[in-house]
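Residue numbers (this note's numbering): 10 to 165.
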């Protein structure tokens, strides 16, 4: 029954949303907010915008290119199921000037800033707003390579 309701919802409601809203649904409701995402870590050696988590919805969400800590240690997450917590943002890539190397057309893409990554056993959800994520119990896993503020001064 749930699958029938979901199919009807996506067949009737989502197409009636504005193009931009439908393109990023349900992520558009969480722009500039804290979120927890689950998916597959990918893109370590790929051309383009860089490393990303690909959600079960097929939406690639890139890591902030300024986050050197994530970039350096991403090989341990490549091809694995991961959970990413951070701020979800929508960014725009401008088209390269005619004749120049780069993207021929402008486009928008999603980025997670200030990401913390941990490996997971299975995907339970693709997107959780931060308020909901805070109520979920912590599971055993590794975090990112960044030291946590409360861990400073302690040995590992």
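By construction, the Cβ of each residue, glycine as well, lies at the ideal position given by its N, Cα and C atoms.
Who does residue 51 pair with in a DSSP beta bridge? 61
Residue 100: first and last residue of the uninterrupted beta strand (DSSP E) it sits in: 90-102
So, helix, strand or coil for residue 114, using DSSP? coil
Beta-carbon within less than 7 Å of residue 135's beta-carbon, same chain only, minus the 5 sequence neighbours each way: which residues are those? 46, 47, 48, 64, 65 and 66
Answer yes or no: do residue 123 and residue 82 have a C-beta to C-beta separation smaller than 7 Å? no
Kindly indicate which three-state DSSP category residue 143 falls into: helix, strand or coil? For residue 143, the predicted model reports a pLDDT of 46, less than 50, meaning its position is unreliable and no value from the coordinates is stated.
Residue 130 in three-state terms, based on DSSP: coil
Does the beta-carbon of residue 76 have 16 or more other beta-carbons within 10 angstroms, so that it is buried, or is it exposed? buried
Less than 6 Å between C-beta atoms, sequence neighbours within five positions excluded: which residues of the same chain meet that for residue 120? 71, 73, 98 and 100
To the nearest angstrom, how far is the alpha carbon of residue 37 from that of residue 107? 31 Å
Give me the Cα-Cα distance between residue 52 and residue 88, rounded to the nearest whole angstrom. 9 Å
Secondary structure of residue 42, DSSP reduced to three states: strand
What does the alpha-carbon distance come out to for the pair residue 90 and residue 43? 20 Å
Helix, strand or coil: which one does DSSP assign to residue 31? helix
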